[in-house]
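S.K.: If you scroll down you'll find the structure; I have some questions about it.
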Amino acid sequence: MNITLRQLRLFLAVFETQSITAAAARQNITQSAASKVIAELETQLGFALFDRTTRRVEPTDAAIEFHAFAVDVIATMQAATRSVEELAALKRGKVSIAASPLMIYGLLAAPITEYRERFPGVRFELHELSTDETVESVRAGAVDFGLGAVEGELPGVASEVVYQGRMRAVVSMDSPLASRERIRLADLARFNHISLRRFFSVRRTLDQLVADKGVVLPSGVEVGTLTSALGLVKQGDSVLIAPSYAAKIAEEWGMRTIAIVDIPADAHRLSLIQRRLGRPTLATRKFLHELIPRLKAISG
Numbered sequence: 001m002n003i004t005l006r007q008l009r010l011f012l013a014v015f016e017t018q019s020i021t022a023a024a025a026r027q028n029i030t031q032s033a034a035s036k037v038i039a040e041l042e043t044q045l046g047f048a049l050f051d052r053t054t055r056r057v058e059p060t061d062a063a064i065e066f067h068a069f070a071v072d073v074i075a076t077m078q079a080a081t082r083s084v085e086e087l088a089a090l091k092r093g094k095v096s097i098a099a100s101p102l103m104i105y106g107l108l109a110a111p112i113t114e115y116r117e118r119f120p121g122v123r124f125e126l127h128e129l130s131t132d133e134t135v136e137s138v139r140a141g142a143v144d145f146g147l148g149a150v151e152g153e154l155p156g157v158a159s160e161v162v163y164q165g166r167m168r169a170v171v172s173m174d175s176p177l178a179s180r181e182r183i184r185l186a187d188l189a190r191f192n193h194i195s196l197r198r199f200f201s202v203r204r205t206l207d208q209l210v211a212d213k214g215v216v217l218p219s220g221v222e223v224g225t226l227t228s229a230l231g232l233v234k235q236g237d238s239v240l241i242a243p244s245y246a247a248k249i250a251e252e253w254g255m256r257t258i259a260i261v262d263i264p265a266d267a268h269r270l271s272l273i274q275r276r277l278g279r280p281t282l283a284t285r286k287f288l289h290e291l292i293p294r295l296k297a298i299s300g
């Protein structure tokens with residue numbers, strides 16, 4: 001049995017109007033075509049749906065029973081159609097992202113807020129994770145995409161560099177360095193540093209940079225959050241080296257940031273991390289279509 005939506009719609013029209021002619025007009029087909037469709041449906045079902053008289057078409061008991069099922073099917077299809085249309089218009093949806101707290105605040109907060117203003121029905125789930133945890137979450141399909149500093153090919157995921165940024169020194173307003181606009185790594189070696197733990201990709205990037213320069217940055221305190229690091233810097237003479245997108249938090253908190261001249265402009269590279277062969281949701285694709293050019297535009 002292969003009952004079509006066309007047959008069901010016409011059946012409902014005949015049931016409601018009790019007229020083949022009126023139902024045909026409603027469905028924009030001829031009366032003869034409508035009669036043929038109803039006859040085919042009756043043949044497929046194996047019972048008569050209507051008693052035809054010269055004046056009107058009366059539904060049979062079987063038609064009355066069948067009517068409820070036909071209404072359910074059409075209603076389900078209409079709901080499915082509306083659902084797809086709403087998704088297409090981004091009236092609803094979900095975007096799930098994994099990134100470090102630094103990246104969420106410095107790079108993602110503004111784009112997410114602006115996107116939500118235009119598409120308030122789209123819900124965001126933000127997972128504050130280290131780069132290693134981000135990669136695992138993407139690989140497992142727990143999030144739509146991640147942002148992190150990764151190198152080389154990684155099994156199960158695809159990555160694309162979407163942001164390249166500088167590193168800046170963060171100091172308190174009372175620091176001897178507060179008046180400096182530019183500084184070299186060797187000059188920073190004379191001061192004590194607050195370090196982020198090694199699960200932060202920015203920490204691994206910095207370790208490689210200072211090793212390449214042959215510089216040692218003394219650190220007496222290692223922390224697990226940017227908030228802790230900035231709080232310690234603000235209260236003393238210690239230095240924190242942070243990516244430029246995170247350094248702006250320090251400026252908002254009343255601290256100074258200083259350009260480090262011998263660290264390349266593209267020292268800190270962040271990649272978009274997605275599941276290999278995965279297909280993002282419509283809401284995610286739309287967000288990424290806007291986010292990627294934006295990140296590339298503010299690089300450097």
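Heads up: the sequence shown begins at 1 in the numbering used here, then just goes up one per residue.
Think of the CB as a built atom: it goes at the ideal place given N, C-alpha and C, for glycine as much as any other residue.
Report the three-state DSSP secondary structure of D237 (helix, strand or coil).
M.R.: coil
S.K.: By DSSP, does I273 sit in helix, in strand, or in coil?
M.R.: strand
S.K.: I'd like the span of the alpha helix (DSSP H) that includes R285, first residue to last.
M.R.: Per DSSP, R285 belongs to the alpha helix (DSSP H) from L282 to A297.
S.K.: In the DSSP assignment, find the unbroken beta strand (DSSP E) run with F199 in it and report its ends.
M.R.: Looking at the DSSP string, F199 is not in any beta strand (DSSP E), and its letter there is neither H nor E.
S.K.: Determine whether the beta carbon atoms of R285 and P111 lie at a separation below 8 Å.
M.R.: no
S.K.: The alpha helix (DSSP H) that contains L5, what's its start and end?
M.R.: First-last of the alpha helix (DSSP H) with L5: L5 to T17.
S.K.: Any chance you could list the alpha helix (DSSP H) runs of at least 4 consecutive residues sitting entirely within the stretch 107-171, in chain order?
M.R.: 109-118 and 131-139
S.K.: Cα separation between A99 and V161?
M.R.: 14 Å
S.K.: Need the endpoints of the alpha helix (DSSP H) that D187 sits in, please.
M.R.: L185 to L188
S.K.: Given this structure, state the Cα-to-Cα distance separating A265 from P243, to the nearest angstrom.
M.R.: 11 Å
S.K.: Could you tell me the boundaries of the alpha helix (DSSP H) in which L37 lies?
M.R.: Residue 37 is actually Val in this sequence, not Leu. Its alpha helix (DSSP H) spans residues Q31 to L45.
S.K.: Cα-Cα, which of F200, P120, A75 and V73 is closest to L87?
M.R.: P120
S.K.: Can you tell me where the beta strand (DSSP E) holding T257 begins and where it ends?
M.R.: Going by DSSP, T257 is part of the beta strand (DSSP E) stretching over R256 to I260.
S.K.: Return the Cβ separation of D237 and S299 in integer angstroms, given the expectation that the two are a contact with Cβ distance under 8 Å.
M.R.: That pair is no contact at about 31 Å.
S.K.: Determine the closest residue to S19 out of M167, A34 and H127, with distance taken between C-alpha atoms.
M.R.: Comparing Cα positions, the closest option is A34.
S.K.: What does DSSP give as the partner residues of K94 in its beta bridges?
M.R.: R123
S.K.: What number of angstroms, rounded off, separates the C-alpha of R92 from the C-alpha of A229?
M.R.: 38 Å
S.K.: Do G156 and R275 have their beta-carbon atoms positioned less than 8 Å apart in this structure?
M.R.: yes
S.K.: How is R182 classed by DSSP in three states: helix, strand or coil?
M.R.: strand
S.K.: DSSP beta-bridge partners for A242?
M.R.: Looking at the DSSP assignment, A242 forms a beta bridge with R168.
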